[in-house]
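Written out below as structure tokens is the structure these notes cover.
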Amino acid sequence: LTPHRPDKGLSAYFSWRLWCWQVMAGPTSDVSQSNFPAKVVEVTSLTLIVVNAVLIAIDSSTPDSSVFDRCYFFFELLSVAFFSLEYALRLWTAVEEAEYAAPLHGRVRWALSPLNL
6 LTPHRPDKGL SAYFSWRLWC WQVMAGPTSD VSQSNFPAKV VEVTSLTLIV VNAVLIAIDS
66 STPDSSVFDR CYFFFELLSV AFFSLEYALR LWTAVEEAEY AAPLHGRVRW ALSPLNL
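Going from the sequence shown to our numbering is simple: count from 1 and add 5.
See below:
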């Protein structure tokens, strides 16, 4: 992965977008080696996925409980908010990759690529 860096005089905007792109790329990619925020995002994502899977299993095997249902609802809400924000950040920062450098067309191509649907 190599970042695409147009020089348009908006260096603060582009540096913030580049940093977000490096965080979203993950801690094991070559662009974000030893990137603590990337590790936090990755661990948080994996934790939410595992906990959601466990909660689905528990929900399907236990009788209705209003306390559990309320907690499960709020956890689902938190998960949807987190993954929606993650997707929006990935879409916003997709143009940092040279393959998707065109602002509109690149983002549409990124969004329609198989791993991002």
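From the three backbone atoms N, C-alpha and C, an ideal C-beta is built for every residue, glycine too.
Quiz item: Once you ignore the five residues that flank Ala99 on each side, which residues in its own chain have a CB closer than 7 Å to its CB?
Solution: Tyr105, Gly111, Arg112 and Trp115
Practice problem: Would you tell me roughly how many angstroms separate the C-alpha atoms of Ala30 and Ala43, rounded to the nearest one? | Solution: 7 Å
Quiz item: For the alpha helix (DSSP H) that contains Tyr105, what are its first and last residues?
Solution: Neither: Tyr105 is in no alpha helix (DSSP H) and is coded neither H nor E.
Quiz prompt | Uninterrupted alpha helix (DSSP H) stretches inside the stretch 41-104 (no shorter than 4 residues) | solution = 41-66 and 71-98
Self-check item: Beta carbon of Trp26 nearer than 8 Å to that of Glu101
Solution: yes
Exercise. Could you give the DSSP three-state label for Gly31: helix, strand or coil?
Key: coil
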